[in-house]
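Everything in the sequence shown is counted per my numbering, starting at 4 for the first residue and increasing by one.
Just so it is clear, CB atoms sit at the ideal spot from N, CA and C, and this is done for glycine as well.
In this text the structure is predicted, and so the values were computed from the model without any measurement.
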Amino acid sequence: MTHKFLVSPIGSHTAILGIKWLETEKPEIDWSQHTITFPIPIPEIAYIAQEEEADPEPLKDIPEQYHLFAKVFGKEEFNKLPPHWSYDIEIELTEDGPLNHPLYSMTNAKSITLKQWLEDKLKAGKICPSKLPISSPVMFVPKKDGSLCLVVDYRKLNAWSKKNIYSLPQPDDLMSKLCRAKLFTKLDLRWGYNNVRVKEGNKWKTAFCTKYGLFETLVMPFSVIIYLDNILIFSQDPAGHKSHIKEVLQHLMDIQLFCKGSNCKFHQTKVEYLGIIVSDKGFSLDKLKIQAVQEWPTPTTVKQVQLFLGFANFVCCFVANFSQIACPLHNLVKEEVKWQWTEEEESAFRELQGAIINALVIVHADPTKPYFLETDASGAALGSVLSQQQEDGCLHPIGYLSESFKGAKQNYNTHDKELLAIIRPL
4 MTHKFLVSPI GSHTAILGIK WLETEKPEID WSQHTITFPI PIPEIAYIAQ
54 EEEADPEPLK DIPEQYHLFA KVFGKEEFNK LPPHWSYDIE IELTEDGPLN
104 HPLYSMTNAK SITLKQWLED KLKAGKICPS KLPISSPVMF VPKKDGSLCL
154 VVDYRKLNAW SKKNIYSLPQ PDDLMSKLCR AKLFTKLDLR WGYNNVRVKE
204 GNKWKTAFCT KYGLFETLVM PFSVIIYLDN ILIFSQDPAG HKSHIKEVLQ
254 HLMDIQLFCK GSNCKFHQTK VEYLGIIVSD KGFSLDKLKI QAVQEWPTPT
304 TVKQVQLFLG FANFVCCFVA NFSQIACPLH NLVKEEVKWQ WTEEEESAFR
354 ELQGAIINAL VIVHADPTKP YFLETDASGA ALGSVLSQQQ EDGCLHPIGY
404 LSESFKGAKQ NYNTHDKELL AIIRPL
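Following this line, the structure appears as structure tokens:
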């Protein structure tokens with residue numbers, strides 16, 4: 004059933020569907036329950052709500068020398084309930100809070116998909132029926148390929164959960180380890196969340212409600228915490244690289260973690276990792292990110308400026324004097340500033356676009372070579388470039404630093420700002 008409607012700002016007013024529409028669609032009205040249903044036939048095809056599709060040929064993209072570790076890439080072992088480990092997920096609550104939420108409505112097609120998903124997970128032993136007085140609702144989110152992914156809305160649970168204060172490794176620290184690496188292999192863990200068991204005594208907190216009943220999960224559910232599921236293996240020579248890969252695959256097999264073969268990349272000289280292209284030359288931006296910036300429309304609202312700055316902040320490590328260039332845009336999103344898009348904001352937007360599109364390759368730092376530091380300070384921000392001389396005899400950047408002056412620093416005189424620009428990157 005498809006209709007075109009005119010979108011109108013009707014506020015809190017009620018929309019009325021007229022007699023002609025009722026005559027055409029012939030809905031079934033239950034006056035006692037105040038519901039309207041439509042005699043829509045059950046669809047013959049519905050997308051199965053899986054977090055990812057199974058590989059029809061799991062070893063197709065795997066080099067033959069690693070077929071010894073076929074279990075790591077197969078679905079059979081993964082479908083089994085994983086064992087308990089020392090890193091089982093524990094959900095600590097700050098205090099008892101309201102953890103109930105009503106069901107979300109679903110179409111007939113989504114209901115069929117939900118039922119199939121529940122049957123599959125029950126069969127795999129990854130969820131079980133529950134009789135607990137708390138629960139979170141489920142919903143579907145679309146995937147890039149048009150299929151549906153079922154997630155549980157754990158926002159209330161997250162709000163009452165104690166946050167783990169352990170700091171994850173910084174991307175810069177991880178990237179600094181890649182100096183002199185010539186070969187790269189990236190492994191993508193299959194359903195990273197589902198590889199981790201819920202710690203005994205914590206399953207009741209994961210309870211979720213559906214129109215088919217109440218359930219709780221035995222493995223880490225989606226939407227509870229952030230989980231990193233990419234492994235990058237890097238080496239200086241082919242022999243060492245093969246040995247490193249086998250060592251990692253053996254460890255994954257020992258602890259029963261599994262990879263999605265079609266998403267893994269073996270023996271590459273260039274690979275995407277943490278949103279950045281990594282090679283033996285250094286780091287560069289993904290072409291898709293550059294294309295996104297090229298096609299980015301001029302912002303017309305504060306929200307659109309915030310979205311652009313959010314994207315730009317991710318790649319600011321590739322832009323010299325980022326804070327200075329973006330200063331007019333950052334000022335525009337302050338609460339006390341009235342919206343205005345003048346030549347100053349337009350110029351900043353275009354300059355930042357150009358800087359990202361034409362970003363240079365950030366070369367690997369070599370601790371055996373001398374470093375060259377260039378600094379600068381303006382009225383609003385400081386910036387610095389750390390470089391090293393490469394084989395072509397020229398200086399190439401290995402990192403940028405840029406930040407705005409805030410608080411008392413805004414009142415520094417020119418000499419103090421220039422001095423701070425030297426001290427800050429050291």
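Helix, strand or coil at residue i according to DSSP, with G and I counted as helix
i, result
"Met256", "helix"
"Leu235", "strand"
"Pro373", "coil"
"Phe218", "strand"
"Met178", "helix"
"Gln456", "Outside the shown range of the chain, which is 4 to 429, sits residue 456, and nothing can be said about it."
"Gly402", "strand"
"Phe408", "coil"
"Glu28", "helix"
"Arg200", "strand"
"Ser139", "strand"
"Tyr50", "Its pLDDT being 37, under 50, Tyr50 is placed unreliably in this model, and the value from its coordinates should be taken loosely. Here Tyr50 sits in coil by DSSP."
"Tyr21", "Position check: residue 21 holds Gly in this sequence, whereas Tyr was assumed. Residue state, collapsed to three classes: coil."
"Asp240", "coil"
"Leu125", "helix"
"Ala384", "strand"
"Phe261", "coil"
"Pro331", "helix"
"Asp191", "strand"
"Val336", "coil"
"Asp33", "strand"
"Val366", "strand"
"Thr345", "coil"
"Leu151", "strand"
"Ile43", "The predicted model places Ile43 with a pLDDT of 48, which falls under 50 and marks its position as unreliable; any figure quoted below should be read in that light. In this structure, Ile43 counts as coil in the three-state DSSP scheme."
"Leu106", "coil"
"Ile130", "strand"
"Val251", "helix"
"Val322", "coil"
"Leu160", "helix"
"Asp64", "coil"
"Leu355", "helix"
"Leu186", "strand"
Outcome for residue i when other beta-carbon atoms lying within 10 angstroms are tallied against a minimum of 16
i, result
"Leu160", "buried"
"Val3", "Here the chain covers residues 4 to 429 and nothing more, so residue 3 does not appear."
"Ile426", "exposed"
"Ala295", "exposed"
"Glu47", "Residue confidence for Glu47 is low, a pLDDT of 36 falling below 50, so the modelled location carries little weight and cannot support an answer."
"Cys131", "exposed"
"Ser246", "exposed"
"Thr345", "exposed"
"Ile328", "buried"
"Trp24", "exposed"
"His418", "exposed"
"Val340", "exposed"
"His70", "exposed"
"Lys263", "buried"
"Glu20", "In the sequence on display, residue 20 carries Leu and not Glu. The residue is exposed, with fewer than 16 neighbouring Cβ atoms inside 10 Å."
"Pro30", "exposed"
"Trp342", "exposed"
Beta carbon of residue i nearer than 8 Å to that of residue j
i, j, result
"Asn324", "Gly386", "yes"
"Ser350", "Glu219", "no"
"Glu406", "Ala380", "no"
"Leu153", "Leu117", "yes"
"Ser138", "Leu217", "yes"
"Val141", "Thr27", "no"
"Tyr374", "Gln393", "no"
"Val366", "Lys292", "no"
"Ala362", "Val322", "yes"
"Ala424", "Thr378", "yes"
"Phe431", "Ala383", "Examination of residue 431 is not possible in this model, given that the chain is present from 4 through 429 alone."
"Ile360", "Gln307", "no"
Any non-hydrogen atom of the ligand GDP within 7 Å of residue i CB
i, result
"Phe375", "Annotation note on the ligand GDP: not contained in the displayed structure, which lists no ligands."
message: Three or more C-beta pairs under 8 Å: does that hold for the stretch 297-314 against the stretch 332-340?
response: yes
message: Measuring CB atoms only, is the stretch 353-360 touching the stretch 314-323, in the sense that at least three cross pairs come out at less than 8 Å?
response: yes
message: So, does the stretch 267-283 touch the stretch 63-79, judging by three or more C-beta pairs under 8 Å?
response: yes
field: In chain order, each beta strand (DSSP E) run of at least 3 residues that lies wholly inside the stretch 264-319
entry: 268-271, 273-276, 279-282, 285-288
message: When you compare the stretch 197-213 with the stretch 385-403, are there three or more beta-carbon pairs, one atom per stretch, that lie closer than 8 Å?
response: no
query: If we count Cβ pairs, one from each stretch, closer than 8 Å, do we get three or more for the stretch 105-122 versus the stretch 279-292?
result: no
Segment contact, 8 Å Cβ cut-off, at least three pairs: the stretch 179-190 with the stretch 118-128: no
query: Does the stretch 186-193 come close enough to the stretch 246-264 to have 3 or more Cβ pairs within less than 8 Å?
result: yes
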